[in-house]
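*Asks:*
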Ligand code: ZN
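Numbering (the working numbering), first residue to last: 2 to 148.
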C-alpha cells in the first residue's frame, strides 16, 4: 500500500467514525429530503439540503451501512457546506464525482475540488463499491431537486 493509499484509508475511517453534519436538521420550507438505499450492501442515507435561493445553506444526513457509504456522506456534506456552494456548483461537483467513480480508475478526484472526498478515488476500481460511494451524492442531487 502506498503512503497516499494509507492516508486515504485513514481519512475514510475518520469520517465514518466521526461523521460530519450527521443528524437531520428540522424540515424547513426551503429544504428537500431524499432517502436512498443500496440494497446490495445494505447502505441507507437520508439527506436533507436547505437552500436560500441558489445558495445551499445546510446539508445534514443520517444513515447506516458500510464505512465507504457513511464516510462519503460525511465528506460531501463537509465539502458543500464549508465551500458555501450554490446549486450550480453542487451539480458540477456531483457530475464530476460520478464521472470519476464510473471511470474504473482512469479519472482521479482532485483534492482542490473534492477535498477529503478525493480519498474515494480508489473506489472506482471496485465496481461493487461504486454505489456505496455514490449514495449520498445521488441523495443530494435528489434533495436539491426538491428544495
Ligand atoms: Zn456499502
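Every residue gets a Cβ at the ideal spot worked out from N, C-alpha and C, and that includes glycine.
These numbers come from a predicted model, not from an experiment.
(1) Let me check one thing: in DSSP terms, what residues is residue 35 bridge-paired to?
(2) Of the choices 104, 48 and 94, whose alpha-carbon is the least far from that of residue 125?
(3) What did DSSP end up calling residue 55 once you bin it into helix, strand or coil?
(4) Can you name the residues that DSSP bridges to residue 61?
(5) Report the rounded CA-to-CA distance for residue 30 versus residue 58, giving the unit in angstroms.
(6) Since I believe residue 134 is in contact with residue 145 (beta carbons under 8 Å), could you give me their beta-carbon distance rounded to a whole number of angstroms?
*Replies:* The answer reads as follows:
(1) Position 34 of the chain shown, counted from the first residue, corresponds to residue 35. 48, per the DSSP bridge assignment.
(2) Your numbering for residue 125 matches position 124 in the chain shown. When 104, 48 and 94 are compared, the shortest CA-CA separation from residue 125 is found for 104.
(3) Here residue 55 refers to the residue found at position 54 when the chain shown is read from its first residue. Residue 55 falls in the coil class under three-state DSSP.
(4) Within the chain shown, numbered from 1, the residue matching residue 61 stands at position 60. Answer is 49, bridged to residue 61.
(5) Translated into positions along the chain shown, residue 30 becomes position 29. Translated into positions along the chain shown, residue 58 becomes position 57. C-alpha separation (whole angstroms): 13 Å.
(6) As a first step, residue 145 must be located in the chain shown, where it is residue number 144. As a first step, residue 134 must be located in the chain shown, where it is residue number 133. Incorrect: roughly 19 Å between the Cβ atoms, too far for contact.
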